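Right, one structure below, let's go through it.
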Amino acid sequence: SQQGEEDPQALSIQEGENATMNCSYKTSINNLQWYRQNSGRGLVHLILIRSNEREKHSGRLRVTLDTSKKSSSLLITASRAADTASYFCATATSGTYKYIFGTGTRLKVLA
Amino acid sequence: ETGVTQSPTHLIKTRGQQVTLRCSSQSGHNTVSWYQQALGQGPQFIFQYYREEENGRGNFPPRFSGLQFPNYSSELNVNALELDDSALYLCASSPTGPEGYTFGSGTRLTVV
Chain G
292 SQQGEEDPQA
302 LSIQEGENAT
312 MNCSYKTSIN
322 NLQWYRQNSG
332 RGLVHLILIR
342 SNEREKHSGR
352 LRVTLDTSKK
362 SSSLLITASR
372 AADTASYFCA
382 TATSGTYKYI
392 FGTGTRLKVL
402 A
Chain C
21 ETGVTQSPTH
31 LIKTRGQQVT
41 LRCSSQSGHN
51 TVSWYQQALG
61 QGPQFIFQYY
71 REEENGRGNF
81 PPRFSGLQFP
91 NYSSELNVNA
101 LELDDSALYL
111 CASSPTGPEG
121 YTFGSGTRLT
131 VV
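Quick mapping for you: the protein sequence lines, in order, are chains G and C. 292 is the number of the first residue of the first sequence in this note's numbering; add one for each residue after it. 21 is the number of the first residue of the second sequence in this note's numbering; add one for each residue after it.
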């Protein structure tokens, strides 16, 4: 079963706009990671945020984590056509090794 | 190029057959995990190996098995293939555990 659920399932925006996608999860976690996947190929690690962190930045990416609401958001600023991909959140439940991925948000950035 | 290489990239097998998928990780990557990703879904955890021993398993039947070798390569074996096994199989490795995984590009398995 999926632990993380991304919202929206699909998002279409114009180049230069910001894209926000959300992830909700069900159990206590050690950390949460965001990945990008192009055309059903391998996953590219974007950012990891630990359970004791609230916000993290990496380039044009901003991730927030609200453990009280069991949710996270990924903001991509000034989007580019190359950002077109599927984005997944993955959570590691406390005390386990496995990462559980959500169903992903399909982002399309129109040039 | 991620440093994690999977082979083959594509594979077609017949129902009931057996398949072996391979993954070559970077030197020092003692942790390797395998995931199955069906079309339109997120990856599902199959199992994890650390220093050649399985130390975590997802909700997959015993016909899914694995091996990890001292040279940082690993295998995923699937016996008695079923149509629903058709998916992208991803290998991920890390020097320190599940954090900071590097994923390979995957093997696309089609069972007919």
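No residue lacks a Cβ here, since even glycine has one placed at the ideal position from N, Cα and C. On a predicted model such as this, the values are computed, not experimentally measured, just so you know.
Checklist entry - Which residues bound the beta strand (DSSP E) around C/LYS33? => result Taking the first residue of the second sequence as 1, we reach residue 33 of chain C at position 13. Where C/LYS33 is concerned, the enclosing beta strand (DSSP E) stretches over 30 to 33.
Checklist entry - Secondary structure at G/ALA372, three-state DSSP: helix, strand or coil? => result Along the first sequence, read from residue 1 onward, the residue named residue 372 of chain G stands at position 81. Reduced to three states, the DSSP call for G/ALA372 is helix.
Checklist entry - Mind checking whether G/GLU297 and G/THR394 have CB atoms under 9 Å apart? => result In the first sequence, counting from the first residue as 1, residue 297 of chain G sits at position 6. In the first sequence, counting from the first residue as 1, residue 394 of chain G sits at position 103. Yes, these two residues count as a Cβ contact at 9 Å.
Checklist entry - Are C/GLN26 and C/GLY124 touching if we call contact CB-CB under 9 Å? => result For the purposes of this step, residue 26 of chain C is taken as residue 6 along the second sequence, with counting starting at 1. For the purposes of this step, residue 124 of chain C is taken as residue 104 along the second sequence, with counting starting at 1. Contact: yes.
Item to check | Boundaries of the beta strand (DSSP E) in which G/VAL400 is found, first to last residue | outcome: Looking up residue 400 of chain G in the first sequence gives position 109. 396 to 401 is the extent of the beta strand (DSSP E) around G/VAL400.
Item to check | CB of G/PHE363 within 9 Å of CB of G/ARG351, strictly | outcome: One-based indexing of the first sequence puts residue 363 of chain G at position 72. One-based indexing of the first sequence puts residue 351 of chain G at position 60. The question names Phe, yet the displayed sequence has Ser at residue 363 of chain G. No, they are not a contact pair.
Item to check | Whole-angstrom distance between C/TYR109 and C/SER53, CA atom to CA atom | outcome: Position 33 of the second sequence, counted from the first residue, corresponds to residue 53 of chain C. Position 89 of the second sequence, counted from the first residue, corresponds to residue 109 of chain C. Taking the straight line from one Cα to the other gives about 11 Å.
Checklist entry - By how many angstroms is the C-alpha of C/SER44 removed from the C-alpha of C/SER93? => result In the second sequence, the residue the question calls residue 93 of chain C occupies position 73. In the second sequence, the residue the question calls residue 44 of chain C occupies position 24. Roughly 4 Å between the two C-alpha positions.
Next on the checklist: Beta-carbon within less than 7 Å of G/ARG345's beta-carbon, same chain only, minus the 5 sequence neighbours each way: which residues are those?
Outcome noted: Locating residue 345 of chain G in the first sequence gives position 54, where the first residue counts as 1. The answer, listed in chain order, is THR355, LEU356.
Item to check | Ranges of the beta strand (DSSP E) found wholly within the region 25 to 107 of chain C, counting only runs of at least 3 | outcome: 25 to 27, 30 to 33, 39 to 44, 51 to 57, 64 to 70, 73 to 77, 84 to 88, 93 to 98
Item to check | Per-residue burial, C/ILE32 [other beta carbons within 10 Å of its own, 16 or more giving buried] | outcome: Counting from 1 along the second sequence, the entry for residue 32 of chain C is found at position 12. Result: exposed.
Checklist entry - Whose Cβ in chain C lies nearer than 8 Å to the Cβ of G/TYR316? => result Taking the first sequence and counting its residues from 1, the one referred to as residue 316 of chain G is at position 25. Within chain C, no residue comes near G/TYR316; the closest Cβ sits about 12 Å away, beyond 8 Å.
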